[in-house]
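**Student:** Numbering of the sequence shown is given in our numbering, commencing with residue 83 and proceeding in unit increments. To start, I am sharing the structure in question, which I have written as structure tokens.
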Amino acid sequence: FRLPDLGPIGSNGLANSRDFESPTAAFEDKTCSYTILCKFNNKLFSASVDESPFNVVAWHGNYVPYKYDLSKFCVVNSVSFDHLDPSIFTVLSCKSTEPGVAIADFVIFPPRWTVTENTFRPPYYHRNTMTEFMGLIHGNYEAKKDGFSAGGFSLHNCMSAHGPDAQCFDANIDRPLVPERVADGSMAFMFETTFFLGVPRSIFDSPHRDPDYHSCWRGLTIHFTPPTTDSS
Numbered sequence: 083f084r085l086p087d088l089g090p091i092g093s094n095g096l097a098n099s100r101d102f103e104s105p106t107a108a109f110e111d112k113t114c115s116y117t118i119l120c121k122f123n124n125k126l127f128s129a130s131v132d133e134s135p136f137n138v139v140a141w142h143g144n145y146v147p148y149k150y151d152l153s154k155f156c157v158v159n160s161v162s163f164d165h166l167d168p169s170i171f172t173v174l175s176c177k178s179t180e181p182g183v184a185i186a187d188f189v190i191f192p193p194r195w196t197v198t199e200n201t202f203r204p205p206y207y208h209r210n211t212m213t214e215f216m217g218l219i220h221g222n223y224e225a226k227k228d229g230f231s232a233g234g235f236s237l238h239n240c241m242s243a244h245g246p247d248a249q250c251f252d253a254n255i256d257r258p259l260v261p262e263r264v265a266d267g268s269m270a271f272m273f274e275t276t277f278f279l280g281v282p283r284s285i286f287d288s289p290h291r292d293p294d295y296h297s298c299w300r301g302l303t304i305h306f307t308p309p310t311t312d313s314s
């Protein structure tokens, strides 16, 4: 994963490199009993040693562990009209060999202002050639306040139609479009990938699965009036 190309945004915005933190190298020089656990191919293996496994004094490489505080993400959004593609919320991207097509994008939906005019502000209804795996870290997701709890996730594979639930639609279709805060006290994330994602049998058998997930769209009503034509 790398920081996404900022393009017309310029040199600053989204996740800034200065906010990624990596640890200072350290080591232990002590003799004691340790049990080292290693996971490989969904199995755990153990080995006993008589010295600290953290006794490496010298190290050279290109990869280090890091952490990033999602609250430091600098949000970019429309200040005129239209709901922009969620790629504007990309924190990190794993590129493919095809420009513009990611193996995976890591996206968040942080607290922010929305000021767009003549716009349905929640995420619009769509189908996507990318697969969307979405989760909620804490709070309430703006497009589905009920039935999507912290720690939960949803999966919409390639070309699976989805969008805000009926409750969200009804609350936003006629509301005054004044500047307002959205997603305060919450943090949702999404992994978007060009690949299909398989679902193991254990997910279907889980007691936490929501078998009526699709029912959140049943209350949607038609608001479109087709133009009249002259039959003569």
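Don't be surprised by glycine CBs; every beta carbon is placed ideally from N, CA and C. Predicted model, so just to flag it, every value in this text is computed and none were measured.
Apart from the five residues just before and just after H142, which ones in its own chain have a Cβ nearer than 6 angstroms to its Cβ?
**Tutor:** Counting from 1 along the sequence shown, the entry for residue 142 is found at position 60. Counting only Cβ-Cβ distances below 6 angstroms, and skipping sequence neighbours, we find nothing.
**Student:** For the structure I just gave you, are there three or more beta carbon pairs, one from the region 272 to 288 and one from the region 211 to 225, closer than 8 angstroms?
**Tutor:** Touching, yes.
**Student:** Looking at C-alpha atoms only, which residue of A107, P135 and L152 is the closest neighbour of L315?
**Tutor:** It is not possible to answer for residue 315, since the shown part of the chain is limited to 83 through 314.
**Student:** Per DSSP, which one or two residues make a beta bridge with G217?
**Tutor:** The residue given as residue 217 occupies position 135 in the sequence shown. Looking at the DSSP assignment, G217 forms a beta bridge with F235 and F271.
**Student:** Where does the unbroken alpha helix (DSSP H) through C250 begin, and where does it stop?
**Tutor:** For the purposes of this step, residue 250 is taken as residue 168 along the sequence shown, with counting starting at 1. First-last of the alpha helix (DSSP H) with C250: A248 to N254.
**Student:** Once the 5 residues before and after C148 are set aside, which same chain residues still bring their CB inside 7 angstroms of it?
**Tutor:** Taking the sequence shown and counting its residues from 1, the one referred to as residue 148 is at position 66. At residue 148 the sequence reads Tyr, which differs from the Cys that was named. Around Y148: F102, E103 and S104.
**Student:** Would you mind giving the Cβ-Cβ distance between S160 and L152, rounded to the nearest angstrom? I have them listed as a contact below 8 angstroms.
**Tutor:** Within the sequence shown, numbered from 1, the residue matching residue 160 stands at position 78. Within the sequence shown, numbered from 1, the residue matching residue 152 stands at position 70. Between L152 and S160 the Cβ distance is about 21 angstroms, and since that is not below 8 angstroms, they are no contact.
**Student:** Does K226 pass the burial test, meaning 16 or more other C-beta atoms within 10 Å, or should it be called exposed?
**Tutor:** Counting from one through the sequence shown, the residue named residue 226 turns up at place 144. K226 comes out buried.
**Student:** With hydrogens ignored, establish whether the beta-carbon of C120 is closer than 7 angstroms to any heavy atom of the ligand NAD.
**Tutor:** Judged by which ligands are present, the structure shown has none, so any question about the ligand NAD falls away.
**Student:** Quick check on P246: buried or exposed, where buried means 16 or more other Cβ atoms within 10 Å of its Cβ?
**Tutor:** The count along the sequence shown starts at 1 and reaches residue 246 at position 164. Looking at its Cβ environment, which holds 16 or more other Cβ atoms inside 10 Å, P246 is buried.
**Student:** Give the range of the beta strand (DSSP E) segment to which R57 is assigned.
**Tutor:** Within the shown structure, residues of the chain are numbered from 83 to 314, placing residue 57 beyond reach of any answer.
**Student:** If you check the beta carbons only, do T211 and C240 fall under 8 angstroms apart?
**Tutor:** Position 129 of the sequence shown, counted from the start, is the residue given in the question as residue 211. Position 158 of the sequence shown, counted from the start, is the residue given in the question as residue 240. Against a cut-off of 8 angstroms, the Cβ pair of C240 and T211 comes out as a contact.
**Student:** My understanding is that F202 touches N254, with C-beta atoms under 8 angstroms, so please give their C-beta distance in whole angstroms.
**Tutor:** The count along the sequence shown starts at 1 and reaches residue 202 at position 120. The count along the sequence shown starts at 1 and reaches residue 254 at position 172. That belief holds up - the Cβ atoms of F202 and N254 are roughly 7 angstroms apart, short of 8 angstroms.
**Student:** From what residue to what residue does the beta strand (DSSP E) around R283 run?
**Tutor:** Reading the sequence shown from its first residue, position 201 is the one you call residue 283. Taken as a continuous stretch (DSSP letters only), R283 belongs to no beta strand (DSSP E), being part of the alpha helix (DSSP H) at R283 to F286.
**Student:** Pull up the CB-CB distance for A265 and P193, whole angstroms please, since I reckon it's below 8 angstroms.
**Tutor:** Mapped onto the sequence shown, residue 265 falls at position 183. Mapped onto the sequence shown, residue 193 falls at position 111. So it is a contact: roughly 5 angstroms between Cβ atoms.
**Student:** According to DSSP, simplified to helix, strand and coil, what is I185?
**Tutor:** As a first step, residue 185 is located in the sequence shown; it is residue number 103 there, counting from the start. Three-state DSSP puts I185 in a strand.
**Student:** Relative to the C-alpha of L302, which residue among T179, N137, N124 and Q249 is closest?
**Tutor:** By one-based count along the sequence shown, residue 302 stands at place 220. Nearest C-alpha to L302: Q249.
**Student:** Look up H142 in the DSSP assignment and say whether it is helix, strand or coil.
**Tutor:** For the purposes of this step, residue 142 is taken as residue 60 along the sequence shown, with counting starting at 1. Coil at H142, not helix or strand.
**Student:** Taking DSSP as the reference, what is the three-state secondary structure of L85?
**Tutor:** Working through the sequence shown from its first residue, we reach residue 85 at position 3. DSSP places L85 in coil when its eight states are reduced to three.
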